[in-house]
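I have placed the structure first, in the form of structure tokens, so that the comments after it can refer back to it.
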Amino acid sequence: MNLAVEMSQISKRYGDVQALDSVSLRVEKGTIHALVGENGAGKTTLMKALYGAMSADSGSVSINGEPVTLKTSREAIAKGIGMVSQHYGIIGELTNLENLILGAENGSILTPVQNQQRAQDLAERMGFQFDWNAESSTLSPAGGQKLEILKLLWRNSQIMILDEPTAMLSPQDSDALYASLKQLAQQGTTIIVVTHRLPEVFEHCKRVTVVRGGRHIADHEVTEVSANQLAEEIVGGSVIERPTPVSNSQPTDSLEVRDLEVKGDKGQIAVKSISFALKKGQLVGIAGVDGNGQRELFHAIIGHAKPLSGILTVEGSDWTQTSIADRIIAGLRVIPEDRHHEGVIEDWSLFENASLGLQRLPEFSDISAGQQELGPTMAEKFSTKHGGLNQPMSSLSGGNQQRFVAGRALQVAPNLILAFQPARGLDLNSTTKVYQEIRRRCDEGATAIIVSFDLDELLDFCDRILVMNHGEMFEPKPEEARDRAAIGRLMVGAG
Amino acid sequence: MIDLFKQCVTMSIPLVLIALAGFFSERGGVINIGLEGKTLLACFFSVAFSSKFGPIPGLALTIVATSLVSLIHWLLTQVYRMDHIISGMAINLLAAGATSFFKFKFAADGLEDAAVPPKMLLYALGIVAPAAIWWMSNKTRFGLQHRSAGSDPDKARLLGINPQNIRFSALIGTGVLCALAGSLLIAETPQFTDGMTSGRGYIALAALILGGWRPVNAALACLLFGAASALQIQYNGQYIPSEAWKSLPYLVTLFAIAGFLGRNRTPAGLGKP
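Structure (structure tokens):
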């Protein structure tokens, strides 16, 4: 076997947490290799060691059979290694073209015309489209992901590390992405994909490595392993039984939206005269491809975006003009899309983050007492792994931050739960737990709205599914309410 | 009218140089409240070195010395990770105290004509500098990496860029431009007086902010402030009380910053390690 990457006995400890315990990884040249595992299993840490973004305590790395030391990203880049991290490396203040070439300029004086030509060629090869001179802050998450991949191509990376590349992509975009990755692999590029999505592993990858709890568990040829076996190796035990969603909805109205119109960040009408009504106790999923107005609807219900027109009522009281603070007091709880920017303050401790957003509730009338009392339960709710609640939020991995944010949203008397991709960065087990807790709260009388781009997840957990397409809201016919194909058609506007 | 125009140029160009000095450090991520002190030290160096070694060597030595001072700022903020504002203020206080203490040692009565820094050269540099620095910032590798270090040093690091190194060069740029500004002030008034920069460092910083941390816009903002100062000098005591004239440049600054800033363009990585 011709190995492009050979990492052996890599160990790394962060404070009390042994993030990696002599993990080894062997990747064959010119293949797509999947690295799978739960959150906090050490996948990202291992990849950071390969990319020189983190120096391991012990272990060795060989690239194309030659031992190397990768102390900085610069050294890794020089060896042809490129990484797209889960937290995008795109700088919003620069233009798309500048982001593309940053760190890999072809001379001390820039040549924008030639650069743009080459950028355009690369984009066309991948089937992507960009406005090169627009500021990158205007990119959607999917656009950012695409630009990241182009950045690797720009650098002629021979070894590409993609951390959850399809997390924010629509199914079509994901397929297009893997098609391009396969093409790259055929040309000799080695691709390591860190992922939670087993269907992707089976459809697109050649080999798969499983890590769990910082340890190496198994290596397989994808053709020689079953999905059940892989899932078992990932979670290290039996997967929680998925409940069939049962609605305990009550006759009382909860959220009602009438003729709501909301403007998007590019000035377009993102939500077009939407009306729907939810009952108390419902767990409602909003399906749809990314960028069809879900984000704007979500922000309007939170109170973060001002609707152009329309009415929002909750249990009969008009919320249209209500401040965010009053909505939270009335029981609005949010698991935001982007935990980094909307969910946590990374420099703050977990204790401090526990009260973030909830500080006006009576539970936090004595703020530090409230933090001391509720912080631990929020962390335990979804088994957040942390090195002490007085540690800064930045010391947690992305998935653990998500667990904490979900725990916080569901802890104190939720009445209307809004969750945008609550499973983002979570493994199957934690995802199930989060949904079970949302369900429990709904049974107690809360109402939940989940926006997710993963239709299967919504079908698994929600008792009612609405679909957004081009800013409009659709509801499948009652006889097709659980029909995946019918909902899929509504998502792409073919209903 | 011609006088007014001349006055406007005289008042604006030093501001332009200082604002661009601020551009070098702030767009690269180093908050620079120390422009005032660096420029004041540059004035002092200019008098001291020009009186001893003549105008051109004096200018060269001023540039070297001011750059070294600017590198102290780099050392404090980038190596010892000191607070940017506090270290900037320290430089201001040090500059005010040290120049006041040492000023009688060198040319206390002012420079001889032969030793005055080359005024026209400095004005010319002040006029081409905004365009040159715009070109540097937008069309060169250094400029792009410089902006990335000021926008998001962590992401820049992941791309193999070393923000600390970029800022080292940037703060040398700050030192050079402060040296030019200080020499220009001395070329106009060839004698060192305490606090002779009279707040130009802060006004230039305001111009930089008003210009959205972009070199040409910052220079235009300096022209606005310079024009206000020129009006004040030209018409002081006429029409309205002289106190009102004196406060004009500051009022313009205040209104400009408060009212017309529009979109916030602060480099996102300003002050981050």
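Protein chains in written order, with the working numbering: chain S, 1 to 495; chain B, 1001 to 1273. A virtual CB, placed ideally from N, CA and C, is assigned to each residue, including glycine.
Rounded Cβ spacing between residue i and residue j (contact assumed at less than 8 Å)
i: Glu66/S; j: Thr95/S; result: Wrong, their Cβ atoms sit about 37 Å apart, outside the cutoff.
i: Glu164/S; j: Tyr88/S; result: Not confirmed; about 11 Å, so no contact.
i: Thr1077/B; j: Gly1182/B; result: Incorrect: roughly 21 Å between the Cβ atoms, too far for contact.
i: Val194/S; j: Thr31/S; result: The Cβ separation is near 15 Å, so there is no contact.
i: Arg295/S; j: Gly37/S; result: Actually they do not touch by this definition, with Cβ atoms about 29 Å apart.
i: Gly387/S; j: Ala354/S; result: Rounded, the Cβ-Cβ distance is 16 Å, inconsistent with contact.
i: Cys1043/B; j: Leu1185/B; result: 5 Å
i: Ile1161/B; j: Ser1148/B; result: 6 Å
Neighbour flag for residue i against chain C, beta carbons, 7 Å
i: Leu110/S; result: This model lacks chain C altogether; the protein chains it does include are S and B.
Min CB distance residue i to chain B below 7 Å
i: Glu105/S; result: yes
i: Ile91/S; result: yes
i: Glu98/S; result: yes
i: Arg242/S; result: Caution is warranted here: a pLDDT of 46 is assigned to Arg242/S, below 50, making its placement in the model unreliable, and the coordinate value is therefore given only provisionally. Chain B contact via Cβ: absent.
i: Val239/S; result: Bear in mind that a pLDDT of 47 at Val239/S, under 50, signals an unreliable position, so the model cannot answer this.
i: Ser58/S; result: no
i: Leu46/S; result: no
i: Arg118/S; result: no
i: Leu70/S; result: no
i: Asp102/S; result: Strictly speaking, residue 102/S in this sequence is Leu, with Asp absent from that position. Yes, Leu102/S lies at the interface with chain B (some Cβ there is under 7 Å from its Cβ).
i: Arg74/S; result: yes
i: Ile32/S; result: no
CB contact check: residue i to chain S, cutoff 7 Å
i: Lys1272/B; result: no
i: Ile1013/B; result: no
i: Ser1137/B; result: no
i: Gly1160/B; result: yes
i: Ser1183/B; result: no
i: Asp1152/B; result: yes
i: Ser1148/B; result: yes
i: Thr1266/B; result: no
i: Thr1062/B; result: no
i: Ile1056/B; result: no
i: Val1009/B; result: no
i: Arg1214/B; result: no
i: Thr1140/B; result: yes
i: Asn1165/B; result: no
Where residue i falls, given that 16 or more other Cβ within 10 Å makes a residue buried
i: Ala485/S; result: exposed
i: Leu332/S; result: buried
i: Thr190/S; result: buried
i: Arg360/S; result: exposed
i: Ile1172/B; result: buried
i: Ile487/S; result: buried
i: Glu241/S; result: Confidence at Glu241/S is low in this model, with a pLDDT of 47, below 50, so the placement of that residue should be treated as unreliable; the coordinate-derived value is given next. That one is exposed.
i: Arg1214/B; result: buried
i: Pro1057/B; result: exposed
i: Gly1269/B; result: buried
i: Gln186/S; result: exposed
i: Phe1045/B; result: buried
i: Trp319/S; result: buried
i: Pro1014/B; result: buried
i: Met1001/B; result: exposed
Backbone CA spacing between residue i and residue j [nearest angstrom]
i: Glu337/S; j: Asn1165/B; result: 35 Å
i: Glu315/S; j: Leu416/S; result: 10 Å
i: Ala227/S; j: Val201/S; result: 9 Å
i: Gln18/S; j: Gln9/S; result: 13 Å
i: Ser349/S; j: Leu1205/B; result: 34 Å
i: Ser238/S; j: Ala231/S; result: The predicted position of Ser238/S is uncertain, since its pLDDT is 46 and thus under 50; a value taken from the coordinates is nonetheless stated next. Straight-line Cα distance between these residues: approximately 9 Å.
i: Gln411/S; j: Phe404/S; result: 10 Å
i: Leu356/S; j: Ala413/S; result: 15 Å
i: Val84/S; j: Ala1230/B; result: 54 Å
i: Thr377/S; j: Gln436/S; result: 16 Å
i: Leu50/S; j: Pro476/S; result: 47 Å
i: Ala1218/B; j: Ala1131/B; result: 11 Å
i: Ala1096/B; j: Lys1119/B; result: 24 Å
Fill in: Ordered list of alpha helix (DSSP H) runs contained in the stretch 365-451 of chain S, each at least 4 residues
367-381, 398-411, 428-443
Item to complete: Just list the beta strand (DSSP E) runs in the stretch 188-265 of chain S, keeping only unbroken ones of 3 residues or longer that don't cross its boundaries, in chain order.
Response: 190-195, 207-212, 215-221, 253-263
Worksheet item: Unbroken alpha helix (DSSP H) runs of length 4 or more, entirely within the stretch 1229-1272 of chain B: which are they?
Response: 1242-1259
Practice prompt. Jot down the residue ranges of each uninterrupted alpha helix (DSSP H) in the stretch 1109-1149 of chain B, minimum 4 residues, whole runs only, in chain order.
Written response: 1119-1139
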